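Visitor: Start counting the sequence shown at 22; every next residue gets the next number (the numbering used here). For every residue, glycine included, the Cβ atom is placed at its ideal position computed from N, Cα and C. These figures come from a predicted structure and were not determined experimentally.
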Amino acid sequence: MYQYSLMAFLEVFNISLKRSLPDSLLNKRLRNIIDTLTQNIYSYACTGLFEIHKLLFSFQMTIKILQAKNDLRAEDLDFFVKGNISLEKSARRKPHAWIPDQGWEDMIKFAEVCPDVGDIPGMVERQGDVFKKWSESDDPESQPLPLGLNDKLDDFRRLCVVKCFRVDRVYRGVTNYVTTKMGEKYVTPPVVTFEAIFEQSSPISPVVFILSPGSDPASDLMKLADRTGFGGNRLKFLAMGQGQEKAALQLLDTAITRGQWLMLQNCHLLVNWLVDLEKALEKIQKPHPEFRLWLTTEPTPKFPVGILQRSFKVVTEPPNGLKLNLRQTYVKIPSTSLQDCTHESFPELMFVLSFFHAVVQERRKYGKIGWNIPYDFNESDLRVCMELMKTYLDKSMGVDGKIRGAL
22 MYQYSLMAFL
32 EVFNISLKRS
42 LPDSLLNKRL
52 RNIIDTLTQN
62 IYSYACTGLF
72 EIHKLLFSFQ
82 MTIKILQAKN
92 DLRAEDLDFF
102 VKGNISLEKS
112 ARRKPHAWIP
122 DQGWEDMIKF
132 AEVCPDVGDI
142 PGMVERQGDV
152 FKKWSESDDP
162 ESQPLPLGLN
172 DKLDDFRRLC
182 VVKCFRVDRV
192 YRGVTNYVTT
202 KMGEKYVTPP
212 VVTFEAIFEQ
222 SSPISPVVFI
232 LSPGSDPASD
242 LMKLADRTGF
252 GGNRLKFLAM
262 GQGQEKAALQ
272 LLDTAITRGQ
282 WLMLQNCHLL
292 VNWLVDLEKA
302 LEKIQKPHPE
312 FRLWLTTEPT
322 PKFPVGILQR
332 SFKVVTEPPN
342 GLKLNLRQTY
352 VKIPSTSLQD
362 CTHESFPELM
372 FVLSFFHAVV
382 QERRKYGKIG
392 WNIPYDFNES
402 DLRVCMELMK
412 TYLDKSMGVD
422 GKIRGAL
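1) Per DSSP, residue 317 forms a beta bridge with which residues?
2) State the DSSP-derived secondary structure class of residue 236, mapped to helix, strand or coil.
3) Could you tell me which residues DSSP puts in a beta bridge with residue 260?
4) Contact check, residue 338 vs residue 30 under 8 Å by CB: the rounded distance?
5) Touch check for the segment 164–173 and the segment 83–91: three-plus C-beta pairs under 8 Å?
6) Check the DSSP bridge columns for residue 39 and list the partner residues they point to.
7) Please state whether the Cβ-Cβ distance between residue 104 and residue 334 is less than 8 Å.
8) Do residue 242 and residue 261 have their C-beta atoms within less than 8 Å of each other?
9) Do three or more CB pairs link the segment 97–111 to the segment 125–139 at distances below 8 Å?
10) Taking all protein chains shown into account, decide if residue 37 is buried (16 or more other Cβ within 10 angstroms of its Cβ) or exposed.
11) In angstroms, rounded to a whole number, what distance separates the CA positions of residue 205 and residue 230?
12) Residue 28: buried (16+ other C-beta within 10 angstroms of its C-beta) or exposed?
13) For residue 413, would you say it is in contact with chain C, using Cβ-to-Cβ distances shorter than 8 Å as the test?
14) Residues in its own chain within less than 8 Å of residue 101 by CB, not counting five upstream and five downstream?
15) Round the Cβ separation of residue 246 and residue 256 to the nearest angstrom and send it over; I've been treating them as touching at under 8 Å.
16) On the CB-based measure, 16 or more other CB atoms within 10 Å of its CB, does residue 427 come out buried or exposed?
17) Give the secondary structure of residue 292 by DSSP, where H, G and I count as helix, E and B as strand, and everything else as coil.
18) Apart from the five residues on each side of it in sequence, which residues of its chain come closer than 6 Å, Cβ to Cβ, to residue 233?
19) Taking the continuous beta strand (DSSP E) assigned at residue 335, which residues delimit it?
20) Taking DSSP as the reference, what is the three-state secondary structure of residue 223?
21) Does the segment 284–300 come within contact of the segment 311–320, defined as at least 3 CB pairs closer than 8 Å?
22) Could you please give the first and the last residue of the uninterrupted alpha helix (DSSP H) stretch that includes residue 68?
23) Within a Cβ cutoff of 7 Å, which residues of the same chain sit near residue 64, ignoring the five residues on either side of it in sequence?
24) Alpha carbon to alpha carbon, how far is residue 381 from residue 397?
25) Using only alpha-carbon positions, find the residue among 209, 217, 113 that is nearest to residue 249.
26) Leaving out the 5 sequence neighbours to the left and right, which residues in its chain are closer than 8 Å to residue 220 when beta-carbon positions are compared?
27) Apart from the five residues just before and just after residue 165, which ones in its own chain have a Cβ nearer than 6 Å to its Cβ?
28) Hey, residue 277 and residue 310: beta-carbon distance below 8 Å or not?
29) Are there 16 or more other CB atoms within 10 angstroms of the CB of residue 349, so buried, or fewer, so exposed?
30) Between 199, 116, 25, 312, which lies nearest to residue 79 when the distance is taken from Cα to Cα?
31) Just confirm the distance between the C-beta atoms of residue 83 and residue 203, as a whole number of angstroms; I'd bet it's less than 8 Å.
32) When DSSP labels each residue in this structure, what does residue 125 get in the three-state scheme?
33) Determine the burial state of residue 16: buried for a count of at least 16 other Cβ atoms within 10 Å of its Cβ, exposed for fewer.
34) Look at the Cβ atom of residue 116, then the Cβ atom of residue 146, and state whether they are nearer than 8 Å.
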């Protein structure tokens, strides 16, 4: 599903030119354009990436920018990606049992790649206790390296050393590295709002929602349509399935001519027909400026590349981390919803519910441990719980305003 075209990049580039701060000095103007373009590219790409790949994309952006500035050696990057891939084990035996076998081989290779650093394997042999204490700390990627190595190594080489001792902490180490070089905003994916999606859409660029379990972009799109004056007959829905091909093309022609919004749902069920849709989109010459096409699909390798390259892709997946999860929850809750319930405890209880929802979603990485069966605990569950809590509080207000029982 990761397909992008030059046309899509040019749209982001033109938007960045308009939004970057003007300046009378050419160097400052260019710096403003570069900074704005970098941030917009990150936001544009992250919107269409699954959570598991977002940090990898941030790291790749950071690496490419540093390589362009000649601030990163190719040999160091090659070692970090591959490690020691030699089939023959080193003649130098591992001095301590707590060192991982592959970690020791990587350490030998690192000493060859970076001879100016010194004999790190020799340091580990002589001062094993010092390195063991550092390696077994809760966050070795954030702790200074032993024996003054922290001053001898740059940030990327320190990351390579962490890889040798604690592969499990490389993820956090990469996060810290990107934060140091690019800023925290490049490890904090943007919260996707439908207003922002609408701003980046165009009549010739469809919006493709890549669905995750429990997501329902249709209800959010209906709310957006009501807020922007496209409710009622100006918004058309069609659930795709066998026999809906001709109806979909007819609705598409009408929407293009009259400037309507059209949402084709579950396009993965008719993936072979999407080739016809791709041809229909290529024939569009002068669509109505208010026309928008919205598509929903589950991830499928058979989705036409032509549609993906010209579309604005949105992955409807909960973010990683309590902070990002809470932020996304509150962004999607309109302020009017917090005021619908007149009970004074509703805002506080809403925060507790949102926090609990974020915790449960984070626990999904452990599978069904602690639960009877695997369950997604998706956004629909949060909305249902919110409505039940609102109903319960409204009924309690009618008695004496006190909350009875457990929520």
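Guide: Inspection of the coordinates gives the following:
1) Beta-bridge pairing links residue 317 to 230.
2) Residue 236 falls in the coil class under three-state DSSP.
3) In the DSSP secondary-structure assignment, residue 260 is bridged to 286.
4) Separation of the CB atoms of residue 338 and residue 30 is rounded to 23 Å, and the pair is thereby denied contact status at 8 Å.
5) With fewer than three CB-CB distances shorter than 8 Å, the segment 164–173 does not count as touching the segment 83–91.
6) BP columns for residue 39 are empty, so no partner.
7) No. Outside cutoff.
8) Their beta carbons are not under 8 Å apart, which means residue 242 does not touch residue 261 by this criterion.
9) The segment 97–111 and the segment 125–139 touch, with no fewer than 3 CB-CB distances between them shorter than 8 Å.
10) Counting other Cβ atoms within 10 Å of its Cβ, residue 37 reaches 16 or more and is therefore classed as buried.
11) Rounded to the nearest angstrom, the two C-alpha atoms are 27 Å apart.
12) Exposed.
13) Considering every chain present, this structure includes no chain C. It has just one protein chain.
14) Sequence-distant partners of residue 101 (beyond 5 residues in either direction) whose C-beta falls short of 8 Å from its own C-beta, in its chain, are 177, 180, 181, 184.
15) Residue 256 and residue 246 do touch by the CB rule: their CB atoms are close to 4 Å apart, below 8 Å.
16) For residue 427, the predicted model reports a pLDDT of 45, less than 50, meaning its position is unreliable and no value from the coordinates is stated.
17) Coil at residue 292, not helix or strand.
18) Closer than 6 Å at the Cβ level, and outside the excluded window around residue 233, lie 337, 338.
19) Per DSSP, residue 335 belongs to the beta strand (DSSP E) from 333–336.
20) Under the three-state reduction of DSSP output, residue 223 falls in the strand class.
21) By the C-beta criterion, the segment 284–300 is judged to be in contact with the segment 311–320, since at least 3 inter-stretch pairs fall below 8 Å.
22) Note, residue 68: alpha helix (DSSP H), 47–68.
23) In the same chain as residue 64, and ignoring 5 residues on each side of it, the C-beta atoms closer than 7 Å to its own belong to 211, in chain order.
24) Distance between the alpha carbons of residue 381 and residue 397: 9 Å.
25) If we check each option's Cα against that of residue 249, 217 comes out closest.
26) Taken in chain order, the list of residues that qualify is empty.
27) So the list reads 171, once near-sequence residues are dropped.
28) It is not a contact, given that the beta carbons lie outside the stated cut-off.
29) In summary, residue 349 is buried, with 16 or more beta-carbon neighbours lying within 10 Å of its beta-carbon over all protein chains present.
30) Closest option to residue 79, Cα to Cα, is 199.
31) Between residue 83 and residue 203 a beta carbon distance of about 5 Å is seen, short of the 8 Å cut, so the two are scored as contacting.
32) Note: residue 125 maps to helix in three-state DSSP.
33) Examination of residue 16 is not possible in this model, given that the chain is present from 22 through 428 alone.
34) Their beta carbons are under 8 Å apart, which means residue 116 touches residue 146 by this criterion.
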